[in-house]
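Each number in the working numbering comes from the position in the sequence shown (counting from 1) with 1263 added on.
Idealized CB from N, CA, C, for every residue including glycine.
Values in this document were obtained by computation on a predicted structure and should not be read as measured data.
Report on the structure given below.
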Amino acid sequence: MTLPDHGISPARRAGRTAAWFDGWRLTVATTLTVAALSAWLAGMGGFEIDGIRLAVRFTARASLVLFCLAFAASALARLWPAAAARWLRRNRRYLGLSFAGSHAVHPIAIVAFAATAPLAFRAATSPASFIFGGLGYAFIVAMAATSFDAAAARIGPRAWRLLHTSGIYYLWFQFMVSFGERIPAMPNHAWFLLPLLAVMALRVVAALRGRRAREATP
Ligand code: HEM
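Pasting the structure below:
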């Protein structure tokens, strides 16, 4: 079946579809989807420990995907400037905010876990989870709050760069540790390290190429 095009070219129509899923719509849609799926997973288990624990893990995994997309966006666009990579780079800020939105659901599920099964919660956490996880959240909040032009201008480009660079590498490290520490009990968690290592490799290769290109320019 052919849909009437109302005089709009396919390229323009494709552009419109892409534009619809740009910016804030992307952030709101991904955050609401993560929240709805987490509630559904918890509800499937009757809001008991297993379902809630599934929701905690799901929020961490959804955040991993969004984090990796934001982390790799610029490097991908530099190495392979295809339409998809350019879309990622254009929406880097909103993917970062989507990660923050998805990771805002993580503590909600964590509180539900602590309330329904305090003993299992104590066994699944340690003081280190709160210290390093808390630092992770401090970075997420500070980075999300300075993702707006006015706030970024207020702290200045140097402080902005310092905050966002140290924050993004800290969060990468935290994902590596959080998945890595579960490998002895659940060996399949090793698979989650692959996207993290891949996006780091992409950034390193893109940085090296960029430096070589700058050195070759007279
Ligand atoms: C105070 C802050 C935090 C607390 C108390 C916390 C607590 C938890 C708990 C209780 C679990 C589930 C453990 C289980 O079911 O065995 C979990 C899983 C996880 N969390 Fe957090 N978390 C925090 C912050 C973070 C942050 C900032 C990140 C990442 C940047 C993160 C990444 C993860 C990952 C990757 C998992 C494993 C998911 C899986 O098993 O697939 N957490 N967290």
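Length of the line joining the Cα atoms of Leu1471 and Leu1360: As a working mapping, residue 1471 is identified with position 208 in the sequence shown. As a working mapping, residue 1360 is identified with position 97 in the sequence shown. Their Cα atoms are separated by approximately 27 Å.
Cα-Cα separation, Phe1455 to Ala1416: Position 192 of the sequence shown holds residue 1455. Position 153 of the sequence shown holds residue 1416. Roughly 36 Å between the two C-alpha positions.
Tell me the DSSP secondary structure of Asp1285 in three-state form. Looking up residue 1285 in the sequence shown gives position 22. Of the three classes helix, strand and coil, the one that applies to Asp1285 here is coil, per DSSP.
Taking Cβ to Cβ, would you say Gly1399 is nearer than 7 Å to Leu1434? In the sequence shown, residue 1399 corresponds to position 136, counting from 1. In the sequence shown, residue 1434 corresponds to position 171, counting from 1. Cβ distance < 7 Å, so Gly1399 and Leu1434 count as in contact.
For chain C, is any of its Cβ atoms less than 7 Å away from the one on Ala1282? Judged by its chain identifiers, the structure shown contains no chain C, having just a single protein chain.
Check each candidate in Trp1287, Arg1475, Val1319 and Ala1476 and name the one with the smallest Cα separation from Ala1302. Walking along the sequence shown from the start, residue 1302 turns up at place 39. It is Val1319 whose Cα lies nearest to the Cα of Ala1302.
Reducing DSSP to helix, strand and coil, say where Asn1354 ends up. Here residue 1354 corresponds to residue number 91 of the sequence shown, with the count starting at 1. Asn1354 falls in the coil class under three-state DSSP.
Under three-state DSSP, which class holds Phe1411? For this step, residue 1411 is matched to residue 148 along the sequence shown. Note: Phe1411 maps to coil in three-state DSSP.
Can you tell me whether Ile1446 is helix, strand or coil according to DSSP? Start at 1 with the first residue of the sequence shown, and residue 1446 comes out as number 183. Residue state, collapsed to three classes: coil.
Given 6 Å as the limit, tell me if Arg1474 has its C-beta closer than that to any heavy atom belonging to the ligand HEM. In the sequence shown, counting from the first residue as 1, residue 1474 sits at position 211. It does not: the Cβ of Arg1474 is nowhere closer than 6 Å to a heavy atom of the ligand HEM.
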